[in-house]
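**Student:**
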Amino acid sequence: VEWCSNIGVREVDSVAGVATVGEECKVYGAATDEETLKKISPYVETFEVGSIAGISGGIVLECYLKNIPAVALLGETRGMNPSPGSAANVVEVINKVYNLSIDTTRLHEQAEQIEMEMQRLAEQMRAEAQKTRREFPIYG
Numbered sequence: 003v004e005w006c007s008n009i010g011v012r013e014v015d016s017v018a019g020v021a022t023v024g025e026e027c028k029v030y031g032a033a034t035d036e037e038t039l040k041k042i043s044p045y046v047e048t049f050e051v052g053s054i055a056g057i058s059g060g061i062v063l064e065c066y067l068k069n070i071p072a073v074a075l076l077g078e079t080r081g082m083n084p085s086p087g088s089a090a091n092v093v094e095v096i097n098k099v100y101n102l103s104i105d106t107t108r109l110h111e112q113a114e115q116i117e118m119e120m121q122r123l124a125e126q127m128r129a130e131a132q133k134t135r136r137e138f139p140i141y142g
């Protein structure tokens, strides 16, 4: 952040994932000032209260302390697993906010492949669990 301050950046964006148990893949956002928050709020779920942990939160805090406008964009993921779909959603928000056109097709394709593989592994685990299941009667 000090380097950003030294070279005179206008804004810093920090992106990360946030593990949830939800089925949706929302993008959450926070900003260091009202003007920057207004810019991202049409495209993200904004935090009303709370804090952002980790490097993303640290970057935004340091920017706030140095009066550099900053944004944190957090893509919702299921658990701690990598999520190309979540990454694509964050990039799509960046596209909208900054009028860019970064292609997210490959990220969406990877998300579909990972989802299919996860379903296959879940089925395999269920089948294995049914094969090895034993009943232990309890008499009292």
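With positions in the sequence shown counted from 1, the corresponding number in my numbering is that position plus 2. For glycine and all other residues, C-beta sits at the position ideal for the given N, C-alpha and C.
(1) Using only alpha-carbon positions, find the residue among ILE140, ALA131, GLY24, TYR66 that is nearest to ARG12.
(2) For LEU39, which of GLY59, CYS27, ALA72, GLY19 has the nearest alpha-carbon?
(3) Could you tell me the boundaries of the beta strand (DSSP E) in which TYR30 lies?
(4) Roughly how many angstroms lie between the CA atoms of TYR100 and VAL3, to the nearest whole one?
(5) Which residues share a DSSP beta bridge with GLY77?
(6) Measuring CB to CB, does LEU109 end up less than 8 angstroms from ALA18?
(7) What runs of the beta strand (DSSP E), each 3 residues or longer, lie entirely inside the segment 52–111?
(8) Quick one: give me the first and last residue of the alpha helix (DSSP H) that SER7 is part of.
(9) Which residues share a DSSP beta bridge with GLU47?
**Tutor:** Inspection of the coordinates gives the following:
(1) It is TYR66 whose Cα lies nearest to the Cα of ARG12.
(2) ALA72
(3) 29–33
(4) 21 angstroms
(5) Per DSSP, the beta bridge partners of GLY77 are GLY19, VAL29.
(6) no
(7) 72–80
(8) 4–9
(9) DSSP lists TYR30 as partners of GLU47.
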